[in-house]
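First residue of the sequence shown? That's 1 in the numbering used here, and the numbers climb one at a time after it.
By construction, the Cβ of each residue, glycine as well, lies at the ideal position given by its N, Cα and C atoms.
These numbers were taken from a predicted model, which means no experiment stands behind them.
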Amino acid sequence: MRQFITKLSVVFTLLVSISVTAQDFQGQAIYKTKTTVDMSSWGGGKMSDQQKKMIAERMKNMLEKTYVLNFNRSESTYKEEERLEAPGSGGGGMRAFMSSFTGGPQYKNVKESLLLQEQEFFGKEFLVKDSLPELEWKLESETKQIGQYTCFKATTTKKVDEMDFMSMRRKNRDGDKKKDDEKKAGEEVVDTTKSEDPFDEVEVPKFVIVTAWYTPQIPVSNGPGEYHGLPGLILEVTADRTVMLCTKIVMNPQEKDTIEKPEKGEVVTRDEYNKIMKEKIQEMREMYGGRNRGRRN
């Protein structure tokens, strides 16, 4: 315990030092992110291993990305690194659609508790404006090395956004079937597997446990995505099925990228943006569903 308190004292000293001596302090961190998907729960058991492998490969570009975090003592921008698609890689339309769920360039101001994120949905630009999520971190004494930096462990429980594509999963239909089997004989059973609403087929957990590793050697209360609030830059995050890992850090680069607030798009809250997405998806479902019914008649 005494050793842990001593380490926290060192962190505090570093924080005070940088606030006094480094008025133009800025850095850049590169993060590799990867989300895993359990393909065994999809396809109703009718997909072959080869089909699942093919789908997983096509989804790889959406589930494995590289992001750049430019940060100073109070602000940051977090953007996906631009890259050229390999010839014949496909998935362009699906990738563009899924970008509406995963988000565009993001701006954070930890002093003002401000989060801004650019989003494009069906050709219309939005600027999602919200407060930073309040994360109650539990600081641990466990450490590990990431590159040349000594990192400390911290954990928290985070509320999950209802339209978080990375946390969506197929509902447990086996559990539903078991409940139906337990109903009394003669009682009407509704087959929930035949719902026309695509959101009835998936679910998002309300909360997830987040594990972060931060380094007091870079004493800024920042990190990838919406993560913040620790006494040091967050170099690794594990949240649900997604891992964010810092692979490179450049302190006070000679050519500094400008950290500024995005301004493009209609300003909405996250709840308002989610409502717009759900209404549009419902509109598409009714439009294409009507066409399909017309073909059957």
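* State the beta-bridge partners of L115 as determined by DSSP. => As a position in the sequence shown, residue 115 is number 115, starting the count at 1. K108, D130, per the DSSP bridge assignment.
* Going by the beta-carbon positions, is the gap between G359 and L127 smaller than 9 angstroms? -> Look at the range of the chain in this structure, 1 to 297, and you will see that residue 359 is not part of it.
* Can you have a look at K60 and say buried or exposed, based on whether 16 or more other CB atoms are within 10 angstroms of its CB? => Mapped onto the sequence shown, residue 60 falls at position 60. So K60 ends up on the exposed side.
* Asked: Between E279 and N252, what straight-line distance do the alpha-carbon atoms span, to the nearest angstrom?
  -> Walking along the sequence shown from the start, residue 279 turns up at place 279. Walking along the sequence shown from the start, residue 252 turns up at place 252. Taking the straight line from one Cα to the other gives about 45 angstroms.
* Asked: For Y31 versus C246, is the C-beta distance shorter than 9 angstroms?
  -> Indexing the sequence shown from 1 puts residue 31 at position 31. Indexing the sequence shown from 1 puts residue 246 at position 246. Cβ atoms of Y31 and C246: closer than 9 angstroms.
* Pick from E203, T238, K153, N70 that is closest to Y214, judged by C-alpha positions -> Here residue 214 refers to the residue found at position 214 of the sequence shown. With distances taken between Cα atoms, Y214 lies closest to K153.
* With a 10 Å radius around its C-beta and 16 neighbouring C-beta atoms as the bar for buried, classify M284 as buried or exposed. => By one-based count along the sequence shown, residue 284 stands at place 284. That one is exposed.
* Considering only C-alpha positions, which residue in the set S141, T211, K111 is nearest to N72? -> Numbered from its first residue, the sequence shown carries residue 72 at position 72. Ranking the options by Cα distance to N72, first place goes to K111.
* Might you give, ordered along the chain, the residues of its own chain that have their beta carbon closer than 8 angstroms to the beta carbon of T157, omitting 5 neighbours on each side? => As a working mapping, residue 157 is identified with position 157 in the sequence shown. Correct list, in chain order: E136, F207, V208, I209, V210.
* Asked: Got a sec, what are the start and stop residues for the beta strand (DSSP E) L139 sits in?
  -> In the sequence shown, the residue the question calls residue 139 occupies position 139. Counting along the chain, the beta strand (DSSP E) containing L139 begins and ends at 138-146.
* **Reduced DSSP category for Q28 - H, G, I as helix; E, B as strand; rest coil** => Counting from one through the sequence shown, the residue named residue 28 turns up at place 28. It is a strand residue.
* **E125 in three-state terms, based on DSSP** => Here residue 125 corresponds to residue number 125 of the sequence shown, with the count starting at 1. If DSSP states are grouped into helix, strand and coil, E125 belongs with the strands.
* Exposure label - E36; buried when at least 16 CB within 10 Å -> Counting from 1 along the sequence shown, the entry for residue 36 is found at position 36. The amino acid at residue 36 is misidentified as Glu; the sequence shows Thr. It is exposed - the Cβ of T36 has fewer than 16 other Cβ atoms within 10 Å.
* Inter-residue Cα distance where the pair is G223 and D49 -> Taking the sequence shown and counting its residues from 1, the one referred to as residue 223 is at position 223. Taking the sequence shown and counting its residues from 1, the one referred to as residue 49 is at position 49. Those two C-alpha atoms are separated by around 37 angstroms.
* Asked: By a C-beta neighbour count over all protein chains shown, 10 Å radius and 16 as the cutoff for buried, is T269 buried or exposed?
  -> Counted from its first residue, the sequence shown places residue 269 at position 269. So T269 counts as exposed.
* To do: Check the C-beta distance from T155 over to K138 and give it rounded, since I have them as a contact under 8 angstroms.
  => Residue mapping note: residue 155 aligns to position 155 of the sequence shown, counting from 1. Residue mapping note: residue 138 aligns to position 138 of the sequence shown, counting from 1. That pair is a contact at about 5 angstroms.
* To do: Leaving out five residues on either side along the sequence, give the residues of the same chain with a beta carbon under 6 angstroms from the beta carbon of L63.
  => Residue numbering aside, residue 63 sits at position 63 when the sequence shown is read from its first letter. For L63, where only same-chain residues beyond five positions count, the Cβ hits under 6 angstroms are T35.
* **Beta carbon of P66 nearer than 9 angstroms to that of V243** => Locating residue 66 in the sequence shown gives position 66, counting from the first residue. Locating residue 243 in the sequence shown gives position 243, counting from the first residue. It is worth fixing the name first, because residue 66 is Thr in this sequence and not Pro. Going by beta carbons, T66 and V243 fall outside the 9 angstroms limit.
* Asked: Within 8 angstroms: the Cβ of K264 and any heavy atom of the ligand FAD?
  -> This structure lacks the ligand FAD, and indeed carries no ligand of any kind.
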